[in-house]
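> Handing you a structure now.
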Amino acid sequence: MEYLGTYVMAILETGGLFAPLLFIGFHLLRPLFFLPVVFICISGGVLFGAVAGTLYSIVGITLSSLIFYRMVQWMPKTLDKLVRMKKKLMGKHSSLTISQVALLRLVPFIHFHLLSLCILEVSDNFKGYMKSSFFSNIPLAVVYTSVGRWISSLSPVMIASILIGILPILYLLRRKEIIIKWEDFFNVRTQKTGA
């Protein structure tokens, strides 16, 4: 993966006027290469600077969210599998707010499209999903693009302390309502009647 990253950086540096388009396109191809979003955003900060790199990253990440939305619309069985996996990981009745998703996107080892699925579940329609995705992508792009060199030089102890510092904020921003279905509350089991 290190060689792939070096190769991509060399292509983008020599891309000239097409470098921003190549960079945005690489955001779209990122899931195929199993590269983390953080790596691409840090690369954008190194290649284009903080402002331009942030703008290109926001465009690329938002287009990636759009492609995710279209893919799950075309493949409903895959969406069902993703929802089941999310329920196993996060619980049946848990749903995240957009603020929580924006903060969780800052954590490098949480899967980007798992959080996109969380946004999809709380959004009413396509417009709401895209708006929420756009706003939740901004902190990710700003932080990792503008402070990319600083984050990459942190020690594991500092990274762990930052993550521990984020946990209370996630708790404070949680959704404060819990929905429990009647059957789950009373543990009602349906019985089949024989004919």
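To get the numbering used here, take the position in the sequence shown, counting from 1, and add 4. For every residue, glycine included, the Cβ atom is placed at its ideal position computed from N, Cα and C. Remember, predicted model here, so these are calculated numbers, not experimental data.
Let me know the secondary structure DSSP gives F27 once reduced to three states.
Three-state result, F27: helix.
> Under the assumption that Y166 contacts S140 (Cβ atoms under 8 Å), give the Cβ distance between them as a whole number of angstroms.
According to the sequence provided, residue 166 is Ile. The question's Tyr does not apply to it. 19 Å between Cβ atoms; not a contact.
> May I have the straight-line CA-CA distance separating F52 from F72, to the nearest angstrom?
Between F52 and F72, the C-alpha separation is close to 26 Å.
> Let me confirm a value: P80 is counted as buried when at least 16 other C-beta atoms fall within 10 Å, else exposed. Which label applies?
Counting Cβ neighbours within 10 Å, P80 comes out exposed, since fewer than 16 surround it.
> Evaluate P172 with the Cβ neighbour count: other Cβ atoms within 10 Å of its Cβ, from every protein chain shown; 16 or more gives buried, anything less gives exposed.
Burial call: exposed.
> How big is the Cα-Cα spacing for F190 and I183?
Approximately 14 Å, taken between the alpha carbons.
> Under three-state DSSP, which class holds V111?
V111: coil per DSSP, three-state reduction.
> Let me see if you follow: with CB-CB separation under 8 Å, is F190 close to chain D or not?
In the structure shown, chain D does not exist; there is a single protein chain.
> If you draw a straight line from the C-alpha of F30 to the C-alpha of L70, how long is it?
Distance between the alpha carbons of F30 and L70: 15 Å.
> When the Cβ atoms of the stretch 101–116 are set against those of the stretch 45–60, are three or more pairs found closer than 8 Å?
At 8 Å Cβ cutoff, the stretches do not touch.
> Quick one: residues in its chain with C-beta nearer than 7 Å to the C-beta of S137, no 5 flanking neighbours on either side, listed in chain order?
The answer, listed in chain order, is T66, S69, S120, I123.
> Is DSSP giving T197 helix, strand or coil here?
Legend: pLDDT at T197 = 48, less than 50; position of this residue unreliable, value from coordinates given subsequently. Reduced to three states, the DSSP call for T197 is coil.
> May I have the straight-line CA-CA distance separating K131 from V55, to the nearest angstrom?
Roughly 26 Å separates the two Cα atoms.
> With a 10 Å radius around its C-beta and 16 neighbouring C-beta atoms as the bar for buried, classify A211 as buried or exposed.
What the structure shows of the chain is the stretch from 5 to 199, and residue 211 is not part of that stretch, so it cannot be assessed.
> Buried or exposed: I62, going by 16 or more other Cβ atoms within 10 Å of its Cβ?
So I62 counts as buried.
> Looking only at C-alpha atoms, which of S159, E125, P24 sits nearest to S99?
Comparing Cα-Cα distances from S99 to each of S159, E125, P24, the minimum goes to E125.
> Using 10 angstroms around the beta-carbon of V213, count the other beta-carbons present and answer buried if the total reaches 16, otherwise exposed.
Lying before the first or after the last residue shown, residue 213 is absent from the chain, which here runs from 5 to 199.
> Use the C-beta contact count for R74: other C-beta atoms within 10 angstroms, 16 or more gives buried, fewer gives exposed.
That one is exposed.
> Taking the C-alpha atoms as reference points, what is the distance between F27 and Y60?
About 7 Å.
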